[in-house]
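**Student:**
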Amino acid sequence: MDCRKLYSDSFCNSMAEAIQAGSYGIREKVRFRSDKQVIIGTNNGVGGFVLLKKIYPADQIERYLMVDVFIIMVLVYRVLFHEEDVLLWGRLAFLLLFLACYYAALWHRDWRLLCACLIGCMLLAVMGSYFGNWLLLYGFVFADLLGRASSKGMIAGGMAGIVAMFALFSWLDADNPAAFVATLGLPVMVAQLALSIVVHTRENASVLKEKLALADAHLERYIKEEERSRIARDLHDTLGQTLTMIKLKSELTMRLVDKNPQKAKDELHDILNNSRHALKQVRELVSDMKFISLKKEIELSRDMLGKVGIELAADWRREAMPPLSNVAETMLSISVREAITNIMKHSGASRCTIVLCTDGEHYIVKVSDNGNGNLQQGAGNGIPSMKERMFMLQGEANLSATPGEGTIIVLQVPLISNGRVSST
Numbered sequence: 235m236d237c238r239k240l241y242s243d244s245f246c247n248s249m250a251e252a253i254q255a256g257s258y259g260i261r262e263k264v265r266f267r268s269d270k271q272v273i274i275g276t277n278n279g280v281g282g283f284v285l286l287k288k289i290y291p292a293d294q295i296e297r298y299l300m301v302d303v304f305i306i307m308v309l310v311y312r313v314l315f316h317e318e319d320v321l322l323w324g325r326l327a328f329l330l331l332f333l334a335c336y337y338a339a340l341w342h343r344d345w346r347l348l349c350a351c352l353i354g355c356m357l358l359a360v361m362g363s364y365f366g367n368w369l370l371l372y373g374f375v376f377a378d379l380l381g382r383a384s385s386k387g388m389i390a391g392g393m394a395g396i397v398a399m400f401a402l403f404s405w406l407d408a409d410n411p412a413a414f415v416a417t418l419g420l421p422v423m424v425a426q427l428a429l430s431i432v433v434h435t436r437e438n439a440s441v442l443k444e445k446l447a448l449a450d451a452h453l454e455r456y457i458k459e460e461e462r463s464r465i466a467r468d469l470h471d472t473l474g475q476t477l478t479m480i481k482l483k484s485e486l487t488m489r490l491v492d493k494n495p496q497k498a499k500d501e502l503h504d505i506l507n508n509s510r511h512a513l514k515q516v517r518e519l520v521s522d523m524k525f526i527s528l529k530k531e532i533e534l535s536r537d538m539l540g541k542v543g544i545e546l547a548a549d550w551r552r553e554a555m556p557p558l559s560n561v562a563e564t565m566l567s568i569s570v571r572e573a574i575t576n577i578m579k580h581s582g583a584s585r586c587t588i589v590l591c592t593d594g595e596h597y598i599v600k601v602s603d604n605g606n607g608n609l610q611q612g613a614g615n616g617i618p619s620m621k622e623r624m625f626m627l628q629g630e631a632n633l634s635a636t637p638g639e640g641t642i643i644v645l646q647v648p649l650i651s652n653g654r655v656s657s658t
């Protein structure tokens, strides 16, 4: 056989013959089930269950089963009915060895895959000298399986085996191992080598996709846990102030109910209004954390402190202050609210001061009082929550307390170059 006549129309002809034979001789119908079992039945309804997952990897059934069945069907037909003078036992031995190599490579990803591919390629080269050059096209089968190897070293070894397959065939057929370079054998070999690389890249991408999906699942779970923690903190911080007012006014009402019924009635109206405000806060937290303006929070604090007899002095000029992002201003507002709640509950103060200023690099909020100075960090007063919020903004929250003189809480966040997005 002249090596320069490699890859003629013989393969296409054999394909056509096999398809024609299959249209007359094979009439099975295949349909898949979710448990990777296959029902095979003939036209007269005779059939049974076959557990394909015992002989074929379950993860490849949907994509590769029919392709592999067709390829093997063509190979069996072409080998058994080829006109070359090869004994039947030789044809059967070749088919059995090929199938053994194929299934070994199909099920394994380690050194057994490499050995199966190397043996299979050498088998194709030897038998190709008897049956024709079309048989070398089955190197694509091993090239595809080779791309799923567990290491790049095994892939490189298998690719060397593909090159050796073409060289061995050329040596057996034309006494020149390099004869295939001048024929269509060269682009076919290059395509097989490229297929191994493409499949390996695709497999790696699939693995990375699975890892990414797993990481996304972990991240989603983490986000949910963080959201629960945020809601818990905000429930404490936002409702704490309102519920404290309800508690204080309820105690005051109990003292006034006999002495001054009209005043007690007014306090009950305030309790009702505060209860409605608490319900509104819960609804806002359930929907989402909305933007909270520092200006509005300071005015609300003035009103709340005034009801318990604490005077608030605010020192700031809005137009002179640098802009803040919505998130930063909201976080500062919630922290101020928590500080005011602490003053109302623990300080025993008569005066509170809020100062807003900047040192050129930070936006600073100082909340101070003239109370007892007994506020301590980690005593259930929300200081850890303030620190956590400021940390999220790459800022700081510091507390200093002097017994008998009062407490100072300093909140600071880095300034931003872009202005705050206007809220709605």
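Each residue of the sequence shown is one higher than the last, beginning at 235 in our numbering. Think of the CB as a built atom: it goes at the ideal place given N, C-alpha and C, for glycine as much as any other residue.
So Gly640 and Gly616 are in contact, right, with Cβ under 8 Å, and what is the actual spacing, rounded?
**Tutor:** By 1-based counting over the sequence shown, the position of residue 640 is 406. By 1-based counting over the sequence shown, the position of residue 616 is 382. Incorrect: roughly 18 Å between the Cβ atoms, too far for contact.
**Student:** Would you check if the distance between the CB atom of Tyr372 and the CB atom of Leu309 is smaller than 9 Å?
**Tutor:** Stepping through the sequence shown from its first residue, residue 372 is reached at position 138. Stepping through the sequence shown from its first residue, residue 309 is reached at position 75. Result yes, Cβ atoms of Tyr372 and Leu309 sit closer than 9 Å.
**Student:** Going by other Cβ atoms of all chains shown within 10 Å of its Cβ, with 16 needed for buried, is Ala449 buried or exposed?
**Tutor:** Numbered from its first residue, the sequence shown carries residue 449 at position 215. Looking at its Cβ environment, which holds fewer than 16 other Cβ atoms inside 10 Å, Ala449 is exposed.
**Student:** Which residues share a DSSP beta bridge with Asp537?
**Tutor:** Within the sequence shown, the letter at position 303 stands for residue 537. Asp537 pairs with nothing; no bridge assigned.
**Student:** Are the CB atoms of Ile353 and Leu331 within a distance shorter than 9 Å?
**Tutor:** For this step, residue 331 is matched to residue 97 along the sequence shown. For this step, residue 353 is matched to residue 119 along the sequence shown. Yes, the Cβ-Cβ distance between Leu331 and Ile353 is below 9 Å.
**Student:** From which residue to which residue does the alpha helix (DSSP H) around Val360 run?
**Tutor:** Numbered from its first residue, the sequence shown carries residue 360 at position 126. From DSSP, the alpha helix (DSSP H) with Val360 extends over 345-365.
**Student:** Residues bridged to Arg585 by DSSP?
**Tutor:** Position 351 of the sequence shown, counted from the start, is the residue given in the question as residue 585. Bridge partners of Arg585: Glu545.
**Student:** Cβ of Ile305 within 9 Å of Cβ of Val360?
**Tutor:** On the sequence shown, residue 305 is found 71 positions in, with the first residue counted as 1. On the sequence shown, residue 360 is found 126 positions in, with the first residue counted as 1. No, these two residues do not count as a Cβ contact at 9 Å.
**Student:** Going by Cα to Cα distance, which pick from Glu317, Glu572, Leu473, Gly381 is closest to Ser440?
**Tutor:** Residue 440 sits at position 206 when you count from the first residue of the sequence shown. Comparing Cα-Cα distances from Ser440 to each of Glu317, Glu572, Leu473, Gly381, the minimum goes to Gly381.
**Student:** Take the Cβ of Asp407 as the centre, count every other Cβ of all protein chains shown within 10 Å, and call the residue buried at 16 or more, exposed below.
**Tutor:** Along the sequence shown, read from residue 1 onward, the residue named residue 407 stands at position 173. By the neighbour-count rule (16 or more Cβ atoms within 10 Å), Asp407 is buried.
**Student:** Pull up the CB-CB distance for Ala383 and Leu347, whole angstroms please, since I reckon it's below 8 Å.
**Tutor:** The residue given as residue 383 occupies position 149 in the sequence shown. The residue given as residue 347 occupies position 113 in the sequence shown. Going by Cβ atoms, the distance from Ala383 to Leu347 rounds to 5 Å, so yes, they are a contact pair.
**Student:** Consult DSSP for Gly281 and reduce its assignment to one of helix, strand or coil.
**Tutor:** Residue 281 sits at position 47 when you count from the first residue of the sequence shown. Caution is warranted here: a pLDDT of 36 is assigned to Gly281, below 50, making its placement in the model unreliable, and no coordinate value can be reported.
**Student:** Does the beta carbon of Met578 fall short of 8 Å from some heavy atom of the ligand ZN?
**Tutor:** For the structure depicted, the ligand ZN is absent and the ligand set is empty, with no information on it obtainable.
**Student:** List the whole-angstrom C-beta distance separating Phe414 from Ser430, where the pair is believed to meet the contact cut-off of C-beta under 8 Å.
**Tutor:** As a first step, residue 414 must be located in the sequence shown, where it is residue number 180. As a first step, residue 430 must be located in the sequence shown, where it is residue number 196. Rounded, the Cβ-Cβ distance is 18 Å, inconsistent with contact.
**Student:** Which value, in whole angstroms, describes the spacing of the CA atoms of Leu446 and Asp344?
**Tutor:** Residue mapping note: residue 446 aligns to position 212 of the sequence shown, counting from 1. Residue mapping note: residue 344 aligns to position 110 of the sequence shown, counting from 1. Between Leu446 and Asp344, the C-alpha separation is close to 25 Å.
**Student:** Would you list the residues sitting across from Pro421 in a DSSP beta bridge?
**Tutor:** Translated into positions along the sequence shown, residue 421 becomes position 187. Pro421 pairs with nothing; no bridge assigned.
**Student:** With Pro648 as the anchor, note down where its beta strand (DSSP E) starts and where it stops.
**Tutor:** What you label residue 648 is simply residue 414 of the sequence shown in a count that begins at 1. From DSSP, the beta strand (DSSP E) with Pro648 extends over 640-648.
**Student:** For Gly543, count the other beta carbons within 10 Å of its own beta carbon; 16 or more makes it buried, fewer makes it exposed. Which is it?
**Tutor:** Position 309 of the sequence shown holds residue 543. It is exposed - the Cβ of Gly543 has fewer than 16 other Cβ atoms within 10 Å.
**Student:** With burial defined as no fewer than 16 other Cβ atoms inside 10 Å of the residue's Cβ, what is the status of Asp301: buried or exposed?
**Tutor:** Taking the first residue of the sequence shown as position 1, residue 301 is located at position 67. Residue identity check: residue 301 is Val in the sequence provided, not Asp. Exposed, by the Cβ-count rule.
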